[in-house]
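Input: a single structure, listed below in structure tokens.
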Amino acid sequence: MPRFTRLAGTAILVGSVRAFQSQLKNYDSTSSMDASSAGNVAVYWGQNSYGQANGNLAQQPLATYCADSNIDIIPMAFLYQLTTGTGGQPVINFANQQNNCTLFDGTETLNCPDIGKDITTCQEKYNKTILLSVGGATYTEGGFTSSDLAESNAEHIWATFGPKSSSSKRKRDNSTILRPFGDASIDGFDIDLESTNQNFDVWTKKMRSLMDADSSKKYWLTAAPQCVYPDAADKSMLNGGIPFDAVWVQFYNNGCGLQSFVAGAKNQTNFNFDVWDNWASTTSANKDVKVYIGVPAGQTGAGRF
């Protein structure tokens, strides 16, 4: 049997990019990510993937989904420019839910106090784990030209989205720190790279060390590789000694996806959860890493499925 058995479900009501569900269950509304649990549900929010411009089926504010007792973890998608935004400031995009945001002067960086309030509500009222997903299909920067730039940018991003105390002083330069979510702090980062890159393993390792240095609470590091192994975009991170807490493997849009699963078969010919199970127990720097089955929440969620 696989070491982490998870049967994927869907959450069409969320209109998300991907939903991860191990089993249908009734949680109370204070569920959150539990590293020891085999029953966490993670749902991406931010890209209005159902495609409706308005109405009940359009993407709703973040706190709407935090009130859903079936959801434990919400990666917010996406932080898609880390270095090439105007003034070197990061750029985020949340589709229709950024309509009430403004731009910080002279930048492309959104100032989103309402989303910041929702993050705090999700954490304090509903006890949800809120991550910021880095990358996505529109990420085109290709990483960093040097290790030093990767580490410096990780510090900048941590100061921008991590605890407010981390923004008071930069270690490497005096660049301005803008905080799109105000005083709110995310619970960690999700890495969702769709193309090859350089020095992102350095960035991720630095981010892991920054999060671990903050003893005020647990911060999470996750990734969303495609099911093909090794994933070209993520292999230097996943196989490079960086301890991830979880991977939401994209079991769709490839022959190794869930559509190839044969019910009742002793061995799977194409569906390759066993490969990722083996990675978790033999290659991953964190031998307690959780492997999730990632699937679209609906037909418009992620191309063909």
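When you line the sequence shown up against mature numbering (1 follows the signal peptide of the UniProt record, and there is no 0), it's residues -19 to -1, 1 to 286, in that order. Just so you know, even glycine gets a beta-carbon here, dropped at the ideal spot from N, CA and C.
Report yes if the CB atom of residue i is closer than 8 Å to the CB atom of residue j, and no otherwise.
{"i": "D226", "j": "W257", "result": "no"}
{"i": "V183", "j": "A131", "result": "yes"}
{"i": "I52", "j": "L112", "result": "no"}
{"i": "T119", "j": "Y61", "result": "yes"}
{"i": "T67", "j": "G87", "result": "yes"}
{"i": "T90", "j": "L159", "result": "yes"}
{"i": "D215", "j": "L174", "result": "yes"}
{"i": "T109", "j": "I55", "result": "As written in the sequence, residue 109 is Lys, which differs from the Thr given in the question. Yes, the pair counts as a contact, with Cβ atoms nearer than the cut-off."}
{"i": "S114", "j": "Y25", "result": "yes"}
{"i": "Q179", "j": "G124", "result": "yes"}
According to DSSP, is residue i part of a helix, a strand, or is it coil?
{"i": "Q2", "result": "Any answer about Q2 is weak, because its pLDDT of 31 lies below 50 and its placement is not dependable; what the coordinates show is given next. If DSSP states are grouped into helix, strand and coil, Q2 belongs with coil."}
{"i": "N259", "result": "helix"}
{"i": "Y46", "result": "helix"}
{"i": "A194", "result": "helix"}
{"i": "Q104", "result": "helix"}
{"i": "P144", "result": "coil"}
{"i": "T88", "result": "coil"}
{"i": "F59", "result": "strand"}
{"i": "I138", "result": "helix"}
{"i": "I73", "result": "strand"}
{"i": "L202", "result": "strand"}
{"i": "T264", "result": "coil"}
{"i": "T157", "result": "coil"}
{"i": "D164", "result": "coil"}
{"i": "M(-19)", "result": "Because M(-19) sits at a pLDDT of 30, beneath the cut-off of 50, its placement in the model cannot be relied upon, and the point is left open."}
{"i": "T185", "result": "helix"}
{"i": "S30", "result": "coil"}
{"i": "L131", "result": "Position check: residue 131 holds Ala in this sequence, whereas Leu was assumed. Correct three-state label for A131: helix."}
To which residues does DSSP link residue i through a beta bridge?
{"i": "Q207", "result": "Q231"}
{"i": "M218", "result": "The partner list for M218 (beta bridge, DSSP) is empty, contrary to what the question assumes."}
{"i": "D173", "result": "G116"}
{"i": "K271", "result": "A227"}
{"i": "G124", "result": "Q179"}
{"i": "I54", "result": "A23 and T110"}
{"i": "T83", "result": "N92"}
Relative to the alpha-carbon of residue i, which residue among the options has its alpha-carbon at the smallest distance?
{"i": "N235", "options": "L219, K109, D212 and T101", "result": "D212"}
{"i": "I274", "options": "I100, A205, V115 and K198", "result": "A205"}
{"i": "I138", "options": "D95, T121, T185 and Q179", "result": "T185"}
{"i": "T177", "options": "K187, N248 and Q207", "result": "Q207"}
{"i": "K106", "options": "D49, Q78 and F75", "result": "D49"}
{"i": "F59", "options": "T45, Q33 and Q28", "result": "Q28"}
Verify the contact flag: residue i, CB atom, against every heavy atom of the ligand ATP, threshold strictly below 7 Å.
{"i": "V228", "result": "Questions concerning the ligand ATP fall outside what the structure shown contains, since it holds no ligand whatsoever."}
Practice prompt. For the stretch 224 to 244 and the stretch 261 to 281, state whether three or more C-beta atom pairs, one from each stretch, are separated by less than 8 Å.
Written response: Between the stretch 224 to 244 and the stretch 261 to 281, the count of C-beta pairs closer than 8 Å reaches three or more; the two stretches touch.
Worksheet item: Does the stretch 191 to 198 touch the stretch 227 to 246, meaning 3 or more C-beta pairs lie closer than 8 Å?
Response: Three or more beta-carbon pairs separated by less than 8 Å are not found between the stretch 227 to 246 and the stretch 191 to 198, which leaves the two stretches without contact.
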